[in-house]
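Some notes on the structure that comes next.
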Amino acid sequence: MSKLDTVNAKASGTLLRLPAGAVEGAVGTEFRHESISNLTDSQLQNGQILGFGTQTVIGSRSVYALFGELDVPLVKSLELDLAAREEHYSDVGGNVSPQATLVWKPSSRFTLRGMASKGFRAPSLPEISNAASTAFTTVVDPIDPLGRPTESIAEVIKANPRLSPETTNNLDLGLVMSPLDNVNLSVDLYRISVYHVIATQATANTIVNDPNSYPGQIFRTSGGLLNYVIVPYENKYELTTSGVDIEGDTSFHLPGAAVLKLGTSATYVAHLEVDNGTQWTDYAGTNGWYWDSPIGGGGPVPRWRGSIWTSWENPAWVAQATVHYTDSYSNYCYVYGICSQASAEVHSLTTLDLYGEYHGLRNWRFSASVNNAFNTRPPWDYFSQPFDISLYDARGRAVEVRAAYTF
């Protein structure tokens, strides 16, 4: 059971008027009390149910916050927004998170914006309180008595009351254009740096392959088979990622009050670099963030992910088709030398979703959707056999039909 009690107060309004427009301001304060008591089912604790993870969390804390924002029109086409939030946690202390945004809009068809900010994330109660969870993961055991390439073991993740908050530096440069009345395009360049990253101490695979660095955390059966490993949370080094977000759409008016629309949305990850204390390693385009990085918990990072969609609608009908694409990525099994060249690349995935709707009858709405219309299987991943569930949906084709009546 979790509980959140909140009290807040806010005020906003016009502070003064400048030649370029009104200066708007807002201030606020907030108090929160968080508590959680999540106990593992007694049958799981006694080993009467197998194959399921467990979690126990007991903890509470109070949080005080003060925040403010100022919106200043510098000149007619240039606007500055300043904001800050101060938070104090009863268990980890406080931090101030400022943000500055500059927006230049010389015309209705062109906007350039830049944003710089600092962020703050306190450890969650499962990360810092009296907590432990058990899950199952796949590892490569170099001394497995049975000589298996991979095996599934239990991973016990434990909270750490000595954790410090994460902090971030964020930069974003965005461009929004409407070169024609029916065409919109936005491009955002981003760079995010995270310090004192809260993550598990290491991946279970790293611990198993380097037992001398993690004494007392690996447990085996009397026959030498892996049983489970203990992995506490820690503040781990630094992580930096950068890339591009792209969105665009256009529309065309057709006879019969119909409209044809086309759109796309995509993200390109240029870098995802992790510092291990001595060097930086870039895991963009690979699954090494989980299998090799000292900051565990991350899944595969394909460089490209996106979708293209088209829709047609009139006063009674709607039809839409969406193509989703996930780029290929390099498999670290080849880096470890435990798989062949044929398994070194996890192939890309393209799927098709369909949607249709009829609302030509008063008060009625009928719709049908098909996700993954061709029931395309996710690509094989040697480490996460048969595929990585953090990236792909295991359900395959899914069909849904709905009818709704509004009174």
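Numbering follows the working numbering, in which position 405 of the sequence shown is assigned residue number 412; successive positions increment by one, without gaps. Glycine is no exception: its CB is placed at the ideal position from the N, C-alpha and C atoms. Only a predicted model underlies this, so the values are computations on that prediction, with no experimental measurement involved.
| request: Go to Trp311, then tell me how far its beta strand (DSSP E) extends in each direction, as first and last residue. | output: 311-320
| Neighbourhood of Gly295 by C-beta, 6 Å cutoff - its chain only, sequence neighbours within 5 removed | Tyr339
| said: Is the separation between the beta-carbon of Tyr362 and that of Gln392 shorter than 8 Å? | reply: no
| To which residues of the same chain is Thr383 closer than 6 Å at the C-beta, ignoring the five residues directly before and after it? | Thr358
| Do Gln208 and Glu241 come within 8 Å of each other at the CB atom, strictly closer than that value? | yes
| request: Measure the alpha-carbon distance for Leu356 versus Pro239 and round it to whole angstroms. | output: Leu356 and Pro239: Cα-Cα distance of roughly 35 Å.
| Asn212 in three-state terms, based on DSSP | helix
| request: Could you tell me the boundaries of the alpha helix (DSSP H) in which Val342 lies? | output: 339-342
| For Ser67, does the three-state DSSP call read helix, strand or coil? | Residue state, collapsed to three classes: strand.
| said: Just to confirm my understanding: we take Asn283, look at its own chain, exclude 5 residues before and 5 after, and list those with CB closer than 7 Å. What are they? | reply: Tyr244, Pro301
| request: Could you tell me which of Tyr336, Ser159, Ile345, His331 sits nearest to Ala291, measuring between CA atoms? | output: Tyr336
| field | Where Pro218 falls: helix, strand or coil (DSSP) | value | Here Pro218 carries a helix assignment [DSSP, helix/strand/coil].
| request: Determine the closest residue to Trp311 out of Ser318, Thr293, Leu119, Asp299, with distance taken between C-alpha atoms. | output: Thr293
| said: Going by DSSP, what residue range makes up the beta strand (DSSP E) through Tyr297? | reply: In the DSSP assignment, Tyr297 falls outside any beta strand (DSSP E) and lies within the alpha helix (DSSP H) extending over 295-298.
| query | The alpha helix (DSSP H) spanning Ile225 covers which residue range? | reply | Here Ile225 belongs to no alpha helix (DSSP H); instead the beta strand (DSSP E) covers 225-227.
| query | Does the beta-carbon distance from Thr145 to Ser159 come in below 8 Å? | reply | yes
| task | Note the first and the last residue of the continuous alpha helix (DSSP H) segment covering Leu132. | result | 132-135
| task | Give me whichever residues DSSP pairs with Pro393 in a beta bridge. | result | Looking at the DSSP assignment, Pro393 forms no beta bridge with any residue, so it has no partner.
| message | Under DSSP, the beta strand (DSSP E) around Ser200 begins and ends at which residues? | response | 190-207
| field | Sheet register partners of Trp287 (DSSP bridge) | value | Asp282
| said: Measuring only the C-alpha atoms, how far is Val430 from Asp151? | reply: Because the chain is modelled from 8 through 414, residue 430 falls outside the range shown and cannot be assessed.
| request: Just the C-alpha distance for Arg68 and Ser140, rounded to the nearest angstrom, thanks. | output: 20 Å
| said: Which residue marks the beginning of the beta strand (DSSP E) containing Asn102, and which one marks its end? | reply: Per DSSP, the unbroken beta strand (DSSP E) holding Asn102 starts and ends at 100-114.
| request: Could you tell me whether any non-hydrogen atom of the ligand NAP is closer than 7 Å to the CB of Tyr275? | output: For the ligand NAP, the structure offers nothing, since it holds no ligand at all.
| request: Run through the segment 229-270 for me and flag every whole alpha helix (DSSP H) of 4 or more residues, listed as ranges in chain order. | output: none
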